[in-house]
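Right, one structure below, let's go through it.
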Amino acid sequence: AWADGPAAQAQLPVARRLVVLWMNGGPSHVDTWDPKTGPTGGKHKAIKTRVPNVTICEHLPRMAELADKLAIVRSLSSKEGNHQRAQYMLHTGYAPNPTVVHPSMGAWLTKHAPDPASGLPGFVSIGGPSYGAGFLGVQYGPFVLPKGGKGPENLGYAQDTDRARFEARTKLLAQMEDRFAKETGDAKVEGRRALYAKAVRLMHSEDAPAFDLTQETEATRASFGDTDFGRGCLSAVRLLEAGVKVVEVVLDGWDTHQDNFTRTQKLMETVDPAMSSLLGQLERRRAKGERDTLLQSTLVVWMGDFGRTPRINGNDGRDHFPQASSLVLAGAGIRGGQAYGQTDAEGAKVVKDLVTVPNLMATIAAPLGLDPGETFMTPIGRPISITDKGEPIKALLKDSLRVASA
Numbered sequence: 007a008w009a010d011g012p013a014a015q016a017q018l019p020v021a022r023r024l025v026v027l028w029m030n031g032g033p034s035h036v037d038t039w040d041p042k043t044g045p046t047g048g049k050h051k052a053i054k055t056r057v058p059n060v061t062i063c064e065h066l067p068r069m070a071e072l073a074d075k076l077a078i079v080r081s082l083s084s085k086e087g088n089h090q091r092a093q094y095m096l097h098t099g100y101a102p103n104p105t106v107v108h109p110s111m112g113a114w115l116t117k118h119a120p121d122p123a124s125g126l127p128g129f130v131s132i133g134g135p136s137y138g139a140g141f142l143g144v145q146y147g148p149f150v151l152p153k154g155g156k157g158p159e160n161l162g163y164a165q166d167t168d169r170a171r172f173e174a175r176t177k178l179l180a181q182m183e184d185r186f187a188k189e190t191g192d193a194k195v196e197g198r199r200a201l202y203a204k205a206v207r208l209m210h211s212e213d214a215p216a217f218d219l220t221q222e223t224e225a226t227r228a229s230f231g232d233t234d235f236g237r238g239c240l241s242a243v244r245l246l247e248a249g250v251k252v253v254e255v256v257l258d259g260w261d262t263h264q265d266n267f268t269r270t271q272k273l274m275e276t277v278d279p280a281m282s283s284l285l286g287q288l289e290r291r292r293a294k295g296e297r298d299t300l301l302q303s304t305l306v307v308w309m310g311d312f313g314r315t316p317r318i319n320g321n322d323g324r325d326h327f328p329q330a331s332s333l334v335l336a337g338a339g340i341r342g343g344q345a346y347g348q349t350d351a352e353g354a355k356v357v358k359d360l361v362t363v364p365n366l367m368a369t370i371a372a373p374l375g376l377d378p379g380e381t382f383m384t385p386i387g388r389p390i391s392i393t394d395k396g397e398p399i400k401a402l403l404k405d406s407l408r409v410a411s412a
C-alpha cells in the first residue's frame, strides 16, 4: 500500500488527532451530501457551495460555505445493511467475525500515540458508546461520556477518604493484582490495570476542566447550537486542545424509515452549526506547545452506518441502503474542495470511483501515519492488519502524503 517501502520509512503522521462525527442509524445520502432531483429526490432542495458544480442539501448552509475544506465522498459502497454489522465494519474496517473482535481506528491510533501528559484519556466517545479496542486490550478503548458538556462523575475521593488513604488503598490493590497476574498469566489483567491507572491519572489531572464548557464564551457555545451534539462537538475541540488524541461524537436518529424529511431536516439543522463551528474552532486553536492549528493536525470524518433507499416508502421514509452512501473528510492531509465519486441520477448505484470500506479505512489511516498493512497478533496467534487489504485513495489526500493510489 505504501509507495516508498516499509511503514518504517513511509512517513511521519500529518494528522496527530482524529475526530469522528458518527451519524447513528444511517444518514440518507440523497438528503444530505448527494442531493437528487426527480420523483425520488424528496422534499429537500439542493444549494450551491463554495466549490463550483458541487451542491449539497439546503439545510446545510454553513457547511456549504466551508466546502472548500471538505472532501465529500459520494461513492462508498458495502454489502452490510444491518445496523450492528455496518457500524462494526465502518468503525473497524472488517466484517464481524465470531473468532476475533477487531479494534476500531480510534483504538489503533490510541495504541500508536502516547497517552496525553495531561492525564486525560487518549480516546473519548461522546453521546454514545463507540467501538472499542478489540484484541488490543481495553486500555486502548474509549472513555465514554453520555453527553457533551458534562464531564465524568465521581472524580473526587469517596467520603471520609483523603489522598493519602486513597494512595494506600491503590498500593494494596496493586500488590493483590501482582499476585493474581502471576497466578493466572491472563493478559487481560494488564489491560485492566492500565485502565485503572488511567482513571487515577484523570482524577488528579490539572486538565480535567477541559470537560467544562462554561469556560467558553456564551457566543462560542451558542455557535455550536443548543443541542447535545453541538455541546459534544465543542467538548471535542476542548479535549483535543488539552491533548486527547481521538474523539467520537455520536448523533442518533438517522434510521428514518418513517417521516424521513421532517427528521432529516431537524438532524441537519443540528449538524450544520455544530460541524461548521467545530471546523472553525479547530482552525483558530492550537494544542499546547504546537505551532500548527488543530485543523492542520486533526483528521475529521463525518459518516454513518450506510445510505438510504432513493425510493420513498409508504411511510414517507427511506430504508437501509448500503449500496451507496456519502461521507465527508476534512482537516489534516485531506485534499478539500471536491466531491469524489458519483452515483446515478437517483442515487441508487455508484457509477464512478467506487470506494470500498477497506480503502476508506486505509485513506483514514494514511494521514495518521498508520501503515494500513501493519500486522498484529491476536491472543490466539492470528495475524490481523490495521485494514483488510485496504489501499489509500490518492485523490482524497494531499500530495505530501506519499501513498499509492487505489
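Per my numbering, residue 7 is the first one in the sequence shown, and the count goes up by one each step.
Every residue gets a Cβ at the ideal spot worked out from N, C-alpha and C, and that includes glycine.
Only a predicted model underlies this, so the values are computations on that prediction, with no experimental measurement involved.
- Shown here, G337 sits in a strand according to DSSP, grouped into three states.
- Cβ contact annotation for E247 (same chain, cutoff 8 Å, sequence separation greater than five): A216, R291, R292, A293, K294, L300, in chain order.
- The stretch 369-376 makes contact with the stretch 336-350, as at least three CB pairs between them are under 8 Å.
- As far as DSSP is concerned, I370 takes part in no beta bridge.
- Ranked by how close their Cα comes to the Cα of E159, the residues L151, Q165, D166 have L151 in first place.
- In this structure, G44 sits near A351, with a CB-CB distance shorter than 8 Å.
- Under the three-pair Cβ rule at 8 Å, the stretch 47-64 counts as touching the stretch 265-275.
- Exclusion of the five residues before and after L257 leaves M29, F235 as the residues of its chain whose Cβ lies within less than 6 Å of its Cβ.
- E159 carries a coil assignment under DSSP once its states are collapsed to helix, strand and coil.
- With a cut-off of 8 Å on Cβ pairs, the stretch 132-152 is not in contact with the stretch 173-181, counting fewer than three such pairs.
- By the neighbour-count criterion, in which 16 or more other beta carbons inside 10 Å mark a residue as buried, R171 falls on the exposed side.
- For A77, the beta-bridge partners assigned by DSSP are L335, Q344.
- According to DSSP, A174 shares a beta bridge with no other residue.
- Excluding sequence positions up to five before and after L245, its CB lies within less than 8 Å of the CB of L126, V130, A216, F217, V253, all in the same chain and listed in chain order.
- Annotation for T393: no beta strand (DSSP E) segment contains it, and DSSP assigns it neither H nor E.
- Taking 8 Å as the cut-off, the Cβ atoms of H97 and S110 count as close.
- When secondary structure is reduced to three states using DSSP, T304 falls in the strand class.
- Counting only residues of its own chain and dropping the five nearest sequence neighbours on each side, Q329 has a CB closer than 6 Å to the CB of S83.
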